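Heads up, the sequence shown is in the working numbering, so the first residue is 93 and it goes up one at a time.
We treat Cβ as the ideally placed atom computed from N, Cα and C, and that holds for glycine.
Just so you know, these numbers come straight off a predicted model, no measurement behind them.
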Amino acid sequence: MTTAKAAALSVKQQNSILDAEHRINIWEGAIRSGKTIGSIIRWLTYVRTAPPGPLAMIGKTRDTLARNVLDVIADIAPNAISYTRGASTARILGRLIHVIGANDARAENRIRGLTLAGAYVDEITVIPEAFWSQLLGRMSVPGAKLFGTTNPDNPAHWLKKNFLDKEKLPADHPERPDIVSFHFVLEDNPSLEEEYIRNTKASLTGLWYKRFILGHWVAAEGAIYDMLDEEKHTAPAPHPSLWRRGWIALDYGTSNPTHALLIVLTAPAAEGGQNTVDERLHVVAEWSHDGRAAGQLTDAAISQRLASWAGPLIEDLPNPPLVVLDPSAASLRTQMRADGWPGIRSADNRVETGIRNTSSLVAGGRLVVDKEKCPILWDQLCGYVWDETALQRGVEQPVKADDHGPDALRYGVMAAAPVWRAWLPGLAGEDLARAT
């Protein structure tokens, strides 16, 4: 948590509130930079004075909108809002507000038929372009305005190309939308302590540092884990007496490889009464079977072989490990439960979020690999790259080849979030644990 050092708004926030008088008004830039507060205050003033007609607030889901925006309104102006979590409408300053989740292209159907007098959009870059286009078309009440926030994304993203870049065109240019944007960095938020800013900057690396700290619209390119250093990020597994918790993470394949990892939380090792390392996650063992090269295995056979592999390794853990499986492995999950595996759950498969969290832990020295015991994983991590063909379409995704180890690793990292949140104080753990 952070401690407020000033109640006043920053100059950047004040100017954005005063200058947001266009049809489209966007606050963009670094995380925790004060852009949401500025946009909310402007939205509240608009709700009070907006022309008659329906108003809408949109997020990727209703839950993310509630967490990112509605809860903030309730904190800063509790008497201004009446909202039941999950409901499709809210009341803000007496006005009825439609609360809409726009998490896929079909979401545009949810606003068909509305004639809007205004809208607020949280995290614009995660909204489908078709929904955004439909939303602008539905803002047909004279004087209707849209207010929204976003973190930077790929420079080929439709919001950047079709709106933010066109803001630079001359005012009388036929392709220039009626838009204004405000760019924020961490220092524009007066409520942040300097220590929090330092810790936040230390919590991100590479692509996400450039986007979420510097606020730059930059493309992913090259190696995904470009910070990997064999000397820093590989180490022999410590003695099992130092293992405190464990996670078995598995990426499932039938003709493709099935890859399992054992990740453990290790206590600080002591030497002469002094701790030599902090607590960290250590990948200490792997199991892999390539169905194409060695023949396909039944789910029952995979379960049995995993048990033979994991059994001796987890004997010294204080409690049975949590087992997280590829969400597509429904049949294997059923088989393993029937075989008596405890603590099985479906993995969190948010690719970018998992990669971002893994990158932060690696860069901070909080995630290491026993290279001798996990040679396949280490080789795949070093060769894990962004798909250049997809990047040209504005889509960021890893190359789908030799990625089963990295996939299993991010499953395990996401499952271990309750542990590593405490290691990333700059973001209070929560921001890296969910999509930003």
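Give me the Cα-Cα distance between residue i and residue j, rounded to the nearest whole angstrom.
i, j, result
"Gly345", "Ala508", "23 Å"
"Lys324", "Val376", "16 Å"
"Ala112", "Val415", "49 Å"
"Leu61", "Asn281", "Outside the modelled stretch of the chain, which goes from 93 to 528, sits residue 61, for which no answer is possible."
"Pro434", "Asp321", "35 Å"
"Thr358", "Ile468", "22 Å"
"Pro404", "Ile447", "30 Å"
"Ile129", "Ser395", "50 Å"
"Val505", "Lys260", "41 Å"
"Asp382", "Ser420", "17 Å"
"Ser225", "Thr207", "14 Å"
"Asn195", "Ser333", "45 Å"
"Thr141", "Asp264", "28 Å"
"Asp163", "Ala172", "12 Å"
"Ser232", "Ala209", "7 Å"
"Leu58", "Asp418", "Residue 58 lies beyond the range of the chain shown here (93 to 528); nothing can be said about it."
"Thr540", "Lys252", "Here the chain has residues from 93 to 528 only, and residue 540 is not among them."
"Glu287", "Asp270", "39 Å"
"Ile132", "Arg397", "54 Å"
"Pro220", "Asp167", "29 Å"
"Asp343", "Ala392", "16 Å"
"Leu306", "Ser125", "10 Å"
"Arg115", "Tyr138", "12 Å"
"Ala222", "Ala399", "47 Å"
Comparing C-alpha positions only, which one of the options sits nearest to residue i?
i, options, result
"Glu378", "Leu206, Asp471 and Glu322", "Asp471"
"Gly186", "Glu285, Thr153 and Pro146", "Pro146"
"Thr561", "Arg134, Pro144, Val191 and Lys127", "This structure gives no information on residue 561, because the portion of the chain shown stretches from 93 to 528."
"Ala158", "Pro144, Ile168, Tyr175 and Arg429", "Tyr175"
"Phe255", "Gly235, Pro234, Ala236 and Leu228", "Leu228"
"Trp335", "Leu342, Leu306, Leu299 and His374", "His374"
"Val511", "Tyr288, Pro349, Glu371 and Gly298", "Glu371"
"Asp257", "Ala327, Leu417, Trp309 and Ser380", "Trp309"
"Ala169", "Trp135, Thr181, Met149 and Ser180", "Trp135"
"Leu516", "Leu483, Arg337, Ala500 and Asn449", "Asn449"
"Arg202", "Glu287, Ile150 and Leu459", "Ile150"
"Ala311", "Ile116, Pro413, Ala100 and Arg485", "Arg485"
"Gly205", "Ile116, Ala148 and Asp499", "Ala148"
"Pro66", "Leu459, Val491, Gly235 and Phe223", "There is no way to answer for residue 66, as the model of the chain reaches only from 93 to 528."
Let's test the definition: count the other Cβ atoms within 10 Å of the Cβ of residue i and tell me whether it reaches 16, buried, or not, exposed.
i, result
"Lys104", "buried"
"Glu267", "exposed"
"Gly497", "buried"
"Asn246", "buried"
"Arg502", "buried"
"Arg303", "buried"
"Ser347", "exposed"
"Glu488", "buried"
"His249", "buried"
"Ser108", "buried"
"Pro144", "exposed"
"Glu285", "exposed"
"Lys127", "buried"
"Gly432", "exposed"
"Arg384", "exposed"
"Leu110", "exposed"
"Leu473", "buried"
"Ser102", "buried"
"Arg429", "exposed"
"Gly338", "buried"
"Gly298", "buried"
Quickly, what does DSSP pair residue i with across the bridge? List them, please.
i, result
"Val416", "Ala341 and Arg437"
"Leu157", "Its beta-bridge partners do not exist; DSSP assigns none."
"Phe274", "Trp119"
"Arg183", "Ser174 and Leu188"
"Ser380", "His351"
"Ile150", "Ile192 and Val213"
"Gly298", "In the DSSP output, where bridge partners are listed per residue, Gly298 has none listed."
"Thr426", "In DSSP, Thr426 forms no bridge with anything."
"Thr326", "Val461"
"Ala315", "Val477"
"Pro490", "Trp478"
"Phe239", "Asn117 and Tyr212"
"His374", "Val356 and Val460"
"Trp401", "Partner(s): none; Trp401 has no beta bridge."
Quick check on residue i - is its C-beta less than 7 Å from some C-beta in chain B?
i, result
"Val277", "In the structure shown, chain B cannot be found, because there is only a single protein chain."
Do the segment 335 to 353 and the segment 440 to 454 meet, that is, are 3 or more Cβ pairs less than 8 Å apart? Segments in contact, no.
Given 8 Å, three or more beta-carbon pairs between the segment 241 to 250 and the segment 210 to 228: Result yes; three or more Cβ-Cβ pairs closer than 8 Å.
May I ask you to verify whether the segment 274 to 284 touches the segment 113 to 129, counting CB pairs closer than 8 Å and requiring at least 3? Here the segment 274 to 284 lies against the segment 113 to 129, with 3 or more beta-carbon pairs under 8 Å apart.
Contact between the segment 309 to 318 and the segment 469 to 487: three or more CB pairs below 8 Å? Yes, the segment 309 to 318 touches the segment 469 to 487.
Touch test, the segment 402 to 411 against the segment 446 to 465, Cβ-Cβ under 8 Å, three pairs minimum: Flag = no, the segment 402 to 411 and the segment 446 to 465 do not touch.
Does the contact criterion of 3 or more C-beta pairs under 8 Å hold for the segment 423 to 433 versus the segment 284 to 298? No, the segment 423 to 433 does not touch the segment 284 to 298.
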